[in-house]
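Only one structure is covered here, and it is reproduced in the block below.
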Amino acid sequence: LHLFTHCLFFPQYYCCYTPRMNFRPKLSFTADVVLDSNTAHPWIVVSEDGKVLRNGGHCQSALKKPMAFENGPNVLGKEGFATGRHYWEVEVGNKTEWYLGVARESVDRKRRTSLCPEAGYWVICLKDGNDFQALTWPSMSLPRRLKAQKIGLFLDYDQGQVSFYNVEGKSHIFTFSDVFTEKVYPFFGADVTVKHLF
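Quick note: the sequence shown uses this note's numbering, first residue 11, plus one each step.
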């Protein structure tokens with residue numbers, strides 16, 4: 011039995027499209043992801059409960075934070091992962107720009123860099139409302155029909171995989187496959203809401 015109707019395979023990642031896919035068993039690996047305001051770019055506003063990220067468009071604080079991103083409006087989750095399987099969901103709604111994935115603990119947060127695996131990022135994004143991409147190197151366009159308002163992320167650290175799912179459409183969007191050599195953290199850019207799954 012083959013679930014996939016169309017698969018593209020590349021050395022470090024693959025994209026498989028299927029009308030419907032049951033990924034709810036991954037809920038048994040649910041992680042309570044909370045945004046770490048200490049890593050937030052100065053433009054970023056993080057809610058008190060650490061679940062909502064908003065790009066204020068200008069500097070929100072004069073305080074210098076040594077762990078904060080300065081190369082883009084990004085933020086990490088508080089808890090990083092160095093083993094095991096972890097699942098979380100993010101509400102992007104109808105936002106026209108967002109970035110989601112995981113990042114190595116040691117990524118350069120000060121100098122501008124590409125958000126690609128070679129730089130320590132495993133990320134998909136939406137730009138300008140219609141430009142849906144996996145940020146491989148070079149970046150890979152994703153079918154617009156896979157766009158979602160709620161995205162599930164499943165990290166299997168030991169297998170070196172980060173998978174993205176359309177929660178409402180119950181379909182797989184994209185999987186990065188790599189070898190993780192250090193702790194990785196949930197990564198977010200632009201305006202998103204981390205869903206409570208407990």
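Even glycine gets a Cβ: it sits at the ideal position worked out from N, Cα and C.
Of the residues Leu165, Gly111, Gly162, which one's Cα is nearest the Cα of Leu145?
Your numbering for residue 145 matches position 135 in the sequence shown. For Leu145, the nearest C-alpha among the options comes from Gly111.
Beta strand (DSSP E) runs wholly inside the segment 120-200, at least 3 long, in chain order
131-137, 141-144, 160-166, 171-176, 181-187, 194-200
Less than 8 Å between the CB atoms is what I'm expecting for Arg114 and Gly130, so what's the real figure, rounded?
For this step, residue 114 is matched to residue 104 along the sequence shown. For this step, residue 130 is matched to residue 120 along the sequence shown. Indeed, because the Cβ distance is near 3 Å, the residues count as touching under 8 Å.
Since Gly199 contacts Trp108 with CB under 8 Å, what's their CB separation in whole angstroms?
Locating residue 199 in the sequence shown gives position 189, counting from the first residue. Locating residue 108 in the sequence shown gives position 98, counting from the first residue. Confirmed, Cβ separation roughly 6 Å.
Using DSSP's beta-bridge definition, name the partner residues of His96.
Reading the sequence shown from its first residue, position 86 is the one you call residue 96. Paired residues: Leu165.
Near Asp138, what residues of its chain come up, given a Cβ to Cβ distance below 8 Å and the 5 sequence neighbours on each side ignored?
The residue given as residue 138 occupies position 128 in the sequence shown. Taken in chain order, the residues that qualify are Thr106, Glu107.
What residue range does the beta strand (DSSP E) around Ile204 cover?
One-based indexing of the sequence shown puts residue 204 at position 194. Checking the displayed sequence, the identity of residue 204 turns out to be Val instead of Ile. That run of the beta strand (DSSP E) goes 202-204.
Using DSSP with H/G/I as helix, E/B as strand and the rest coil, what is Asn48?
In the sequence shown, counting from the first residue as 1, residue 48 sits at position 38. Three-state DSSP puts Asn48 in a helix.
Just curious, the beta strand (DSSP E) that Asn104 is in, first and last residue?
In the sequence shown, the residue the question calls residue 104 occupies position 94. Neither: Asn104 is in no beta strand (DSSP E) and is coded neither H nor E.
Using C-beta distances below 6 Å, list every residue in its chain close to Phe190, excluding the 5 sequence neighbours before and after it, in chain order.
As a working mapping, residue 190 is identified with position 180 in the sequence shown. Excluding sequence neighbours, Phe190 sits near Tyr167, Gly170.
Kindly indicate which residue of Asp42, Asp188, Ala158 has the alpha-carbon position closest to the one of Thr180.
Counted from its first residue, the sequence shown places residue 180 at position 170. According to the sequence as given, residue 180 is Lys; it is not Thr. Comparing Cα-Cα distances from Lys180 to each of Asp42, Asp188, Ala158, the minimum goes to Ala158.
Looking at the unbroken beta strand (DSSP E) that takes in Val62, where does it start and where does it end?
If you number the sequence shown from 1, residue 62 lands on position 52. Residues 62-65.
Pro76 burial status per 10 Å Cβ neighbour count (16 or more: buried):
If you number the sequence shown from 1, residue 76 lands on position 66. Exposed, since its Cβ has fewer than 16 Cβ neighbours within 10 Å.
Helix, strand or coil, according to DSSP, for Phe39 in the structure here?
By one-based count along the sequence shown, residue 39 stands at place 29. If DSSP states are grouped into helix, strand and coil, Phe39 belongs with the helices.
Starting from Val117, follow its DSSP beta bridges and name the residues at the other end.
Within the sequence shown, residue 117 is the residue found at index 107, counting from 1. None; Val117 has no bridge partner.
Would you please state the rounded distance, in angstroms, between the beta carbons of Trp98 and Leu45? I believe it to be under 8 Å.
Here residue 98 is taken as the residue at index 88 of the sequence shown, counted from 1. Here residue 45 is taken as the residue at index 35 of the sequence shown, counted from 1. No, Trp98 and Leu45 are not in contact; Cβ-Cβ is about 11 Å, not under 8 Å.
Thinking C-beta only, is Asn104 closer than 8 Å to Ala78?
Looking up residue 78 in the sequence shown gives position 68. Looking up residue 104 in the sequence shown gives position 94. No, the pair does not count as a contact, with Cβ atoms beyond the cut-off.
Cutting at 6 Å between CB atoms, please list the residues of its own chain near Val100, excluding the five before and the five after it.
The residue given as residue 100 occupies position 90 in the sequence shown. Counting only Cβ-Cβ distances below 6 Å, and skipping sequence neighbours, we find Leu110, Ile161, Val202, Val204.
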